Every structure is written in C-alpha cells, then in structure tokens.
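Novice:
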Amino acid sequence: MKKIPPVKYMRDFYPELMRQRLEIESAWRAVSERAGFEPWDAPIVEHLDLFTRKSGEEIVTQLYTLTDRGDRELAIRPEMTPSLARLITQRQSALPRPIKWYCSARMCRYERGQRGRLREFWQWNIDLLGVADVTADAEVMSVALDGLEEFGLGPADVALRLNSRDLLAALLGALGIPEEHHAAVYAVTDKRGKVPDETLTKLYEELGLDKATLEKLLAVMSCSTLEELDRAARGAGLVGFEAEVEKLQRLIGYLEALGKGDYVVFDIGIVRGLAYYTGPVFEIFDRNAELRAICGGGRYDRLMETMGGQPMPAVGFGMGDVVLGELLTEKGLWGTAPANVVAQAVPLADERIADAMRLVASLRAGGMMADYVMKSGGLGKVLKRAGESGVRWVIFVGGDEWDSGQVRVKELATGEERLVGTDGKELLALIAKTAL
RNA sequence: GUGGAUGUAGCUCAACUGGUUAGAGCACCAGAUUGUGGUUCUGGGGGUUGGGGGUUCAAGUCCCCUCAUCCACCCCA
0 MKKIPPVKYM RDFYPELMRQ RLEIESAWRA VSERAGFEPW DAPIVEHLDL
50 FTRKSGEEIV TQLYTLTDRG DRELAIRPEM TPSLARLITQ RQSALPRPIK
100 WYCSARMCRY ERGQRGRLRE FWQWNIDLLG VADVTADAEV MSVALDGLEE
150 FGLGPADVAL RLNSRDLLAA LLGALGIPEE HHAAVYAVTD KRGKVPDETL
200 TKLYEELGLD KATLEKLLAV MSCSTLEELD RAARGAGLVG FEAEVEKLQR
250 LIGYLEALGK GDYVVFDIGI VRGLAYYTGP VFEIFDRNAE LRAICGGGRY
300 DRLMETMGGQ PMPAVGFGMG DVVLGELLTE KGLWGTAPAN VVAQAVPLAD
350 ERIADAMRLV ASLRAGGMMA DYVMKSGGLG KVLKRAGESG VRWVIFVGGD
400 EWDSGQVRVK ELATGEERLV GTDGKELLAL IAKTAL
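Reminder that position 428 of the first sequence reads as 427 in numbering that gives the first Met the number 0, one-by-one numbering, no gaps.
This is the structure:
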C-alpha cells in the first residue's frame, strides 16, 4: 500500500512541533488577556460571499472553496476580519466601546508555498474598534510587540515599520495626482526596499507623471524619516499633509510612552496590499529583514460600512505562526521543554502491575504527573530510559518493601532512595516538598 | 500561474570517469543486564535511490517526462 502524505504545504504536527505551536498560541493568549482583549472565534467555514464582499471575486482563486449538499458556496476562512465584521455588525449597537477582541485562529489559503508561507496556518488577530484616535493604533501596535517580547525578542531583533495611508493620500493629493491613480503609485511604493532603488525610480517614471510632479514625488518617496519627509514635502511646496505628519508623530509619542519607541521605524514603503486600510499601517520585520513580515496591520475605518454595518473606526493586526516560528528557531528562543513525567512507577512483578496502577492513579488524583511502566522488571532499562527522558522519581512497586507495606522511591538526580507508604500520600508530600 | 535549484533509510550524508547484494553516523528496537542509571559492546528492523519511461551487457550515476521540496517572481487578506 502506498503511503498517503500530508496535503501539500500543510504540516504534520509531531509532538515537538505541536509543543511549539501551543507555546505560540499560549503566548498570544496570555499577552492578549493581559492587555484587556477578549477572546472570540467564528466557524472555520464561512459563506463565500463574506470574503468576496470585502476582497472581490479574484480572491476566490486563493481560497479553499466547497459546495455543500444544500448547494451553498462556502470557503474555509483565509482571514478573520470578515468574520469579525459580521460578529461586530450583528451586535453593533449593543457592544460597549472600545471593543477589544483577540483570536488565535486556524486558516487556509490556496497559495503557492514557500518559506514563511504555507496553506494552513494559525494567526493571532488583535482588533480594537470604536476609537478613531491614534491612541488605539498605539495600543494595538504595542500589543503586537508585547507578543514578540513574550518570547524574548527585543528591539535588536525586530522593527516596527510604520507609515500612514492617509499621509500617502495627502501627499499624492498635494502633488496633484488624482485619486484614481493613487493605487498605481501605492503599488510601486510597496516595492520600496524590495527592489533596487534604480528599479524603483524607473517604476515611478513609468507611471506617466509629468516631469515636475515626478521629481517632487521621488524627493518625497526617498525619505527615510518622518522629519526628512516633512522637510522635503515643505521644500517641494506641498501643503495639506501636515496634519497627517502630526498624527504619526503623536502615535510615535504614544508608542514611546508604552515603552515601544525603540522598535519604531518610519518607512514610506509600507503600504499593505489591502485596499481597505485607511490610516496608519505597519508591519513588523526581523531586523535583518531576511524573513517576510512577521505581522502586519493598520487602521480600517470603512470596513464596517462595507460589510453592511454602521460606520465604526477600527484598527487591528494579524500575526502568523509560520514566520514567527522561523524567527524563534533562528534565534533559539523556543522555551517549551517537553512536559516530563515527574514520577514513574515500575512494578517488580506481574502481580504488582495493578498495585502500581493504583498508586499512580492516586498520584494523578493528587495532581501529580505520574506514569507507570506497562510491564514488570527490566530495571536497568527502565532507569536508563527514565534518566534520559527526565523522569524525576522512580517508584519500585513490589518485593520485600511491598510486603511490609512500603514502596522504595528513588530520586534520579541524587540517586537517593527512601521508603514511603503505598497509598501515595506520603509520596505526594515528599515530592511536593522537594519540588520547591 | 512563471523561472531556477535540489531529490539516496525517520534525520545528516557517502557510493572515483556508469560496474557485484546501495553504505555510515545519529535515531529506533532487542540483547549483554530477571532488584537499580546516563558510558560501553553486540545484534536487528528500516530503501521500489521521489515516480515513470529511455540509452546500455550493466543506471543511484547519462537522457526525457512527471511529482515533490526549496528559492525567487506574481500575490500577500
């Protein structure tokens, strides 16, 4: 019989990998809860319309779609935001503001796999709705960075690249570029840092702008700090963008107040592909910029209307488990050791197997992680295995000790042995004491 | 969807210009070791050399196709 492999670009979670996934998810959860976000989730399968409404029909080629027996067109969710919008709009007037929600969800995208991108993955979403001010943006970005700090990552490891769609729009407007051409400019700007500067310049030239406008655009787009941009735009005689610069400066100030100032880098090349972003947008990268973005997000103040709800300002991000996992592996920051069995009982004769079970059952009932060897004897091997796998106590069940109502307990780290009663109580107390 | 690279045991890799039955280390299982340790020693299981076709007396090796993986592009919610 031929073996059936896992589905292309999807992972089998052997225990080692599964522990990593759980470590990531519990960190996300802990950080979210600590920052006052509430958990939510939705079905893993949604109506196809939910996704095409937000992203257009082209999205279908990137989805796992299915038709159910009632001829309903469905799709496995490729992201959480449409579901979020549904949940929010269903109870929009009843939810107290601000709405701070998080989820850690499994999703699928039918894409070509490559490093950092698979067809099934987990994504942490943080969303804050009902607050139009950049205080909310700062909060969301800060929590994203908290999520990375939880693993020991710091400003030396990752950077938060920040930009604003409103700022870009204001600059292009000031340059006299009509709104319908903004998307084309964004598409080029998005390449910044990904292609050589000369190529970028060439792409801007191909946009068909007149020479004066092009020169001003290039002057503005080549800035690598917000201050530099402010000077360059003023120098080019542009007006009407100042409020957006001020907003970003205030946002950066809030991030500093939240202790995240060292991560922030202004990057006019951060555009984000999605059309629905409206204000500040950001991506978090490893400092070496070897991997794709660890996290991306921004403000999407129009989405609730698009999804049939009342207008409501919103800001959020998504962080995937794949790139983060690669970074943690690269930096050696995985924390979880296997959960070792603390105590292992070994029956010294077949007649003692049931007794070992009883003892272990009472230890488990007492909250201790305990296990037993499933056959009697073979002490040399049992001890060897126990030592290798991190067992801390081995309990010998049987022999003369058993006949006198006791079991012999060996602490593997010291080799010290003691005699305790067979009901497990004394053993629990002993282990609890040494565990501290 | 486009282009490039790579495919040998669970993992890391050998096998000179084509030449006997494809090997080693690690891992796994067992024994030395029926009441006491991590070392050591011995043995064992595990391969359609990704798959198919072709050239040849002979293919892991050369050719073609295909599949998979990785990298880059497109896209990136």
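Ideal Cβ placement from N, Cα and C applies to all residues, glycine included. These numbers come from a predicted model, not from an experiment.
Does Thr51 come out as helix, strand or coil in the three-state DSSP assignment?
Specialist: Residue 51 sits at position 52 when you count from the first residue of the first sequence. In the structure shown, Thr51 sits in a helix (DSSP, three-state: H, G or I).
Novice: My output table needs one value for Ala155: the three-state DSSP class, helix, strand or coil.
Specialist: What you label residue 155 is simply residue 156 of the first sequence in a count that begins at 1. Of the three classes helix, strand and coil, the one that applies to Ala155 here is coil, per DSSP.
Novice: According to DSSP, simplified to helix, strand and coil, what is Pro81?
Specialist: For the purposes of this step, residue 81 is taken as the residue at position 82 of the first sequence. Helix, per DSSP.
Novice: CA-CA distance, Gln113 and Tyr8?
Specialist: Counting from one through the first sequence, the residue named residue 113 turns up at place 114. Counting from one through the first sequence, the residue named residue 8 turns up at place 9. Each residue's alpha carbon lies about 8 Å from the other.
Novice: Please classify Leu326: does DSSP put it in a helix, a strand, or coil?
Specialist: Taking the first residue of the first sequence as 1, we reach residue 326 at position 327. Helix.
Novice: Whole alpha helix (DSSP H) runs in the segment 109-171 with 4 or more residues, listed along the chain?
Specialist: Fully enclosed alpha helix (DSSP H) runs of 4 or longer: 133-148.
Novice: List, from N- to C-terminal side, the beta strand (DSSP E) runs of 3 residues or more that fit wholly inside the segment 260-314.
Specialist: Listed in chain order, they are 263-265, 279-285, 294-298.
Novice: If the criterion is Cβ atoms closer than 7 Å, does the pair Phe316 and Ile87 meet it?
Specialist: In the first sequence, counting from the first residue as 1, residue 316 sits at position 317. In the first sequence, counting from the first residue as 1, residue 87 sits at position 88. No, Cβ-Cβ distance for Phe316 and Ile87 is not below 7 Å.
Novice: From Tyr185 to Gly366, what does the alpha carbon distance come to, in whole angstroms?
Specialist: Numbered from its first residue, the first sequence carries residue 185 at position 186. Numbered from its first residue, the first sequence carries residue 366 at position 367. Their backbone Cα atoms lie some 58 Å apart in a straight line.
Novice: In chain order, what residues of the same chain lie with their CB nearer than 7 Å to the CB of Val238, ignoring the 5 residues before and after it?
Specialist: As a position in the first sequence, residue 238 is number 239, starting the count at 1. Excluding positions up to five away in sequence, the list reads Ala173.
Novice: Please state whether the Cβ-Cβ distance between Ala292 and Glu149 is less than 7 Å.
Specialist: Your numbering for residue 292 matches position 293 in the first sequence. Your numbering for residue 149 matches position 150 in the first sequence. No, they are not a contact pair.
Novice: Using the C-alpha atoms, what's the distance from Leu127 back to Pro97?
Specialist: To locate residue 97, count along the first sequence from 1; it is residue 98. To locate residue 127, count along the first sequence from 1; it is residue 128. Answer to the nearest angstrom: the Cα atoms are 7 Å apart.
Novice: Name, in chain order, the residues that DSSP records as bridge partners for Arg384.
Specialist: Taking the first residue of the first sequence as 1, we reach residue 384 at position 385. Arg384 pairs with nothing; no bridge assigned.
Novice: Please state if the CB of Glu304 and the CB of Pro312 are separated by a distance shorter than 7 Å.
Specialist: Sequence index remark: in the first sequence, residue 312 carries index 313 (1-based). Sequence index remark: in the first sequence, residue 304 carries index 305 (1-based). Contact: no.
Novice: Between the beta-carbon of Ala369 and the beta-carbon of Arg363, is there less than 7 Å?
Specialist: One-based indexing of the first sequence puts residue 369 at position 370. One-based indexing of the first sequence puts residue 363 at position 364. In contact: Ala369 and Arg363 (Cβ atoms closer than 7 Å).
Novice: Which residues share a DSSP beta bridge with Pro14?
Specialist: Counting from one through the first sequence, the residue named residue 14 turns up at place 15. None, per the DSSP bridge assignment.
Novice: I think Leu117 touches Arg233, with their Cβ atoms under 8 Å apart; what is that distance to the nearest whole Å?
Specialist: As a working mapping, residue 117 is identified with position 118 in the first sequence. As a working mapping, residue 233 is identified with position 234 in the first sequence. Not a contact, Cβ separation roughly 46 Å.
Novice: Could you check whether Ile394 and Val447 sit closer than 7 Å to each other, using their CB atoms as the reference points?
Specialist: Residue 447 cannot be examined here, being either before or after the span of the chain that is shown, 0 to 435.
Novice: With the cut-off set at 7 Å, would you say Gly153 and Leu290 are in Cβ contact?
Specialist: For the purposes of this step, residue 153 is taken as residue 154 along the first sequence, with counting starting at 1. For the purposes of this step, residue 290 is taken as residue 291 along the first sequence, with counting starting at 1. No, these two residues do not count as a Cβ contact at 7 Å.
Novice: To the nearest whole angstrom, what separates the beta carbons of Leu159 and Val44, a pair I think is in contact under 8 Å?
Specialist: Position 160 of the first sequence holds residue 159. Position 45 of the first sequence holds residue 44. Between Val44 and Leu159 the Cβ distance is about 34 Å, and since that is not below 8 Å, they are no contact.
Novice: Using DSSP with H/G/I as helix, E/B as strand and the rest coil, what is Lys7?
Specialist: For this step, residue 7 is matched to residue 8 along the first sequence. Lys7: coil per DSSP, three-state reduction.
Novice: According to DSSP, is Ser221 helix, strand or coil?
Specialist: Locating residue 221 in the first sequence gives position 222, where the first residue counts as 1. Of the three classes helix, strand and coil, the one that applies to Ser221 here is coil, per DSSP.
Novice: Mapping the DSSP letters down to three states, classify Leu65 as helix, strand or coil.
Specialist: Position 66 of the first sequence, counted from the first residue, corresponds to residue 65. Three-state DSSP puts Leu65 in a strand.
Novice: Measure the alpha-carbon distance for Glu400 versus Asp156 and round it to whole angstroms.
Specialist: Here residue 400 is taken as the residue at index 401 of the first sequence, counted from 1. Here residue 156 is taken as the residue at index 157 of the first sequence, counted from 1. When rounded, the distance between both Cα atoms is 57 Å.
Novice: Beta-carbon separation of Ala344 and Val390 under 7 Å?
Specialist: Position 345 of the first sequence, counted from the start, is the residue given in the question as residue 344. Position 391 of the first sequence, counted from the start, is the residue given in the question as residue 390. No. Outside cutoff.
Novice: Check Met356 in the structure and name its three-state DSSP category.
Specialist: Looking up residue 356 in the first sequence gives position 357. Helix at Met356.
Novice: Contact between the segment 72-92 and the segment 20-38 is defined here as three or more beta-carbon pairs at a separation below 8 Å; is this criterion met?
Specialist: No contact exists between the segment 72-92 and the segment 20-38.
Novice: Is it buried or exposed for Thr433, if we count other Cβ within 10 angstroms and need 16 for buried?
Specialist: Counted from its first residue, the first sequence places residue 433 at position 434. Thr433 comes out exposed.
Novice: Could you check if Met17 is buried or exposed, using at least 16 other CB atoms within 10 Å of its CB as the buried criterion?
Specialist: For the purposes of this step, residue 17 is taken as the residue at position 18 of the first sequence. With fewer than 16 other Cβ atoms within 10 Å, it is exposed.
Novice: How many Å lie between Ser361 and Tyr371 at the Cα?
Specialist: As a working note, residue 361 is residue 362 in the first sequence. As a working note, residue 371 is residue 372 in the first sequence. Their backbone Cα atoms lie some 12 Å apart in a straight line.
Novice: Using only the alpha-carbon positions, how far apart do Met220 and Glu32 sit?
Specialist: Against the first sequence, residue 220 aligns to sequence position 221. Against the first sequence, residue 32 aligns to sequence position 33. Their Cα atoms are separated by approximately 39 Å.
Novice: Please return the same chain residues whose Cβ sits closer than 8 Å to the Cβ of Leu429, not counting the five positions on each side in sequence.
Specialist: One-based indexing of the first sequence puts residue 429 at position 430. Result list for Leu429: Val408, Arg417, Val419, in chain order.
Novice: If we count the other Cβ atoms within 10 Å of its Cβ and call it buried at 16 or more, is Asn162 buried or exposed?
Specialist: Here residue 162 is taken as the residue at index 163 of the first sequence, counted from 1. Buried, since its Cβ has 16 or more Cβ neighbours within 10 Å.
Novice: Pop quiz: Met318 and Trp123 are said to be a contact at Cβ under 8 Å. What is the actual Cβ separation, rounded to whole angstroms?
Specialist: Indexing the first sequence from 1 puts residue 318 at position 319. Indexing the first sequence from 1 puts residue 123 at position 124. Yes, Met318 and Trp123 are in contact; Cβ-Cβ is about 5 Å, under 8 Å.
Novice: Using the Cβ count rule (16 or more neighbours within 10 Å means buried), how would you classify Arg76?
Specialist: To locate residue 76, count along the first sequence from 1; it is residue 77. That one is buried.
Novice: In three-state terms, what does DSSP make of Gln91?
Specialist: Along the first sequence, one-based indexing puts residue 91 at 92. Note: Gln91 maps to coil in three-state DSSP.
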